Structure formats: C-alpha cells, structure tokens
Amino acid sequence: MTSVGRFYLLTISLLSIGWIWLLYNQYNSHIAKGRTLCFVRNITGYPCPACGTTNSVEEILGGRYQSALHINPLGYVAIAALVLLPLIIGVDIISGRRMMYSIYTNFDNTMKQRPVLLVAVLLLLLINWIWNLYKM
Amino acid sequence: MDQQKVDMYIMSNSKFFEAHQIPMLRDMLLQADDSKFLALQTANTKDPTTMIIISLLAGGLGVDRFMLGETGMGIAKLLTCGGFGIWTIIDWFVIMGRTRELNMQKVQMALV
Chain A
494 MTSVGRFYLL TISLLSIGWI WLLYNQYNSH IAKGRTLCFV RNITGYPCPA CGTTNSVEEI
554 LGGRYQSALH INPLGYVAIA ALVLLPLIIG VDIISGRRMM YSIYTNFDNT MKQRPVLLVA
614 VLLLLLINWI WNLYKM
Chain B
4 MDQQKVDMYI MSNSKFFEAH QIPMLRDMLL QADDSKFLAL QTANTKDPTT MIIISLLAGG
64 LGVDRFMLGE TGMGIAKLLT CGGFGIWTII DWFVIMGRTR ELNMQKVQMA LV
C-alpha cells in the first residue's frame with residue numbers, strides 16, 4: 494500500500510474508533526464510566542494531556558459548553574475533527590482528490606519550517622496537561 | 004566512493020536499513036562522489052532499537068513519531084491519547100520498519 498493509502502487507512506480507522514468510543518460512552522455510560530483507552534493513564538494512573546476529551550465532547554453535545562471547557566478544552570478540537578474530517582474524506586473518496594492528505598502535509602511542513610509554531614502548540618498542550626494533573 | 008569505505012559504512016550501519024535495501028544502498032554509495040561522505044555521516048539516521056524503546060516507554064504521548072520527524076503524526080497521537088491506545092500498540096510493531104524506511108530516505112537526500 495502506498496503512503497497515501499496508509500495515511501487514509503489510519504485516518505479513517507482513528508475516526509471510526511473515535512465515533513464508536515463516543516457512541517459507546519453515550520449509550521453505555523454506566524459501564525463505560527471511569528474506563529479509558531489511554532495507555533498513560535492505565536499504566537501510570539496520571540492523566541495524559543488529552544484525557545477527559547470524551548467527557549468534554551459529551552458535555553458539548555449536551556449543551557454544557559462551560560463545563561466542557563473546564564473538563565478539557567481539547568473536546569472542542571475533537572468535536573471539530575470528528576465532524577469535519579469525515580466530510581473532507583468523503584469529498585476525497587467521491588471526487589478522487591487528496592484534499593485531506595494535502596492538508597496534513599501542509600500542516601506537517603508548516604510545523605517543521607516554523608519551530609516557533611510547534612513550540613507554541615506543545616506549550617499549550619503542556620499547560621493543558623498541568624491543568625489536567627491539577628484537576629485530578 | 005571507494006569500495007572499502009562503502010563496505011565499512013554498510014558493515015557498521017546495516018541495522019539502520021532494511022535488508023532488501025542494502026544492495027541498492029551499496030550501489031548508490033559506490034556511485035556517489037567522495038565529497039558526499041561527510042553529508043552521509045551527518046545524515047541524522049535513527050537507531051531502530053532506540054526507537055522501539057522510546058515507543059514502548061513514551062509512545063502514548065507520540066514521542067516516537069516526533070523523534071522521527073513526523074510532527075503531524077506526533078501531534079495527532081498526542082491529541083488522541085496515543086490513538087486511543089490502539090495506535091500505540093500498532094506502533095510498537097511498525098516503528099522499527101518506519102525508522103529504517105526514513106533512514107533510507109535521509110541517506111538518499113544526503114547523497115543528492
């Protein structure tokens with residue numbers, strides 16, 4: 494499989510797992526509560542920067558935007574990705590273009606060419622992580 | 004480059020590349036100019052064994068992908084709790100091959 498094919502397979506798999514995990518949490522909240530797929534949390538007991546995203550997305554879907562922001566602001570990024578990326582992939586599949594792949598390569602190149610931007614993103618995630626640890 | 008130099012390089016760096024790439028790499032190096040040797044030495048190739056250790060320890064945070072220079076993938080892995088834990092496991096098996104693949108690309112870039 495070409496690298497583009499592998500990229501699409503990875504993206505589609507991640508989006509499918511994301512949606513399945515979200516729906517599983519929505520409809521089986523009594524079983525899923527407190528469970529996580531996160532390796533860092535399962536092994537160390539401490540949350541990773543993205544821990545709490547599922548709860549945050551559920552709060553957004555429930556209309557409790559303030560609470561979502563408090564649980565993990567990454568929930569907003571996650572819901573945007575879960576809604577927009579399938580649309581872009583759908584357009585790519587229908588039209589045969591590689592819009593999603595070019596967005597990714599542009600993002601990757603920008604991050605490599607402008608280390609300041611990468612450091613800013615990582616710093617924001619670090620602050621979010623520290624906040625996540627503090628909220629424990 | 005002369006044959007002795009090329010063979011020395013291949014002997015000391017063979018684990019950095021896929022076995023099926025070695026004959027092609029040898030041909031490329033033999034055809035390359037002597038002045039490329041310094042660029043080859045500083046090509047920033049990564050050790051696949053180091054990468055598997057990093058993947059096992061910090062793969063959940065995407066550190067392995069960041070180290071390979073795949074920044075976009077690293078951020079995606081970091082933002083999804085290591086790809087919901089599943090990508091982390093897949094990477095334990097994939098990362099050594101990916102490292103060797105990228106090492107070959109880096110060497111090809113250095114020889115251009």
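Quick note, the sequences are listed as chains A and B, same order. Counting from 1 along the first sequence, just add 493 to a position and that's the residue number in my numbering. Counting from 1 along the second sequence, just add 3 to a position and that's the residue number in my numbering. Note that the Cβ used here is the ideal one computed from N, Cα and C, for glycine as well. Computed from a prediction, not measured in an experiment: that's the story for all the values here.
- In terms of Cα proximity to M604(A), the closest of K39(B), M76(B), R29(B) is M76(B).
- For T74(B), the closest Cβ of chain A is nearer than 8 Å.
- The three-state reading of DSSP puts P566(A) in coil, since its state is none of H, G, I, E or B.
- Given a length threshold of 4 residues, each whole run of the alpha helix (DSSP H) inside the region 529-615 of chain A is given here in chain order: 532-537, 546-554, 558-564, 567-588, 592-606.
- In this chain, the alpha helix (DSSP H) harbouring T53(B) covers 51-61.
- Between V550(A) and C541(A), the C-beta gap is not smaller than 8 Å, which leaves the two residues out of contact.
- Residue range 6-16 is occupied by the alpha helix (DSSP H) that includes Q7(B).
- When secondary structure is reduced to three states using DSSP, E21(B) falls in the coil class, being assigned neither helix nor strand.
- Contact of T91(B) with chain A is assigned, a C-beta pair being separated by under 8 Å.
- The C-alpha of Y597(A) is placed about 16 Å away from the C-alpha of G65(B).
- Exclusion of the five residues before and after L575(A) leaves L508, G511, W512, L515, V550 as the residues of its chain whose Cβ lies within less than 8 Å of its Cβ.
- For L41(B), the uninterrupted alpha helix (DSSP H) segment begins and ends at 39-44.
- By the Cβ criterion, the region 99-106 of chain B is in contact with the region 52-72 of chain B, since at least three pairs of Cβ atoms, one from each stretch, lie closer than 8 Å.
- Inter-residue distance for R499(A) and L33(B) is about 33 Å (C-alpha atoms, whole angstroms).
- Membership of E104(B) in the alpha helix (DSSP H) is indicated by the continuous run 89-114.
- Judged by their CB atoms, W95(B) and S58(B) are nearer to each other than the 8 Å cut-off.
- When DSSP states are grouped into helix, strand and coil, L508(A) belongs to the helix group.
- Annotation: A35(B) is outside any alpha helix (DSSP H) and is labelled neither H nor E by DSSP.
- The Cβ of T83(B) sits closer than 8 Å to at least one Cβ of chain A.
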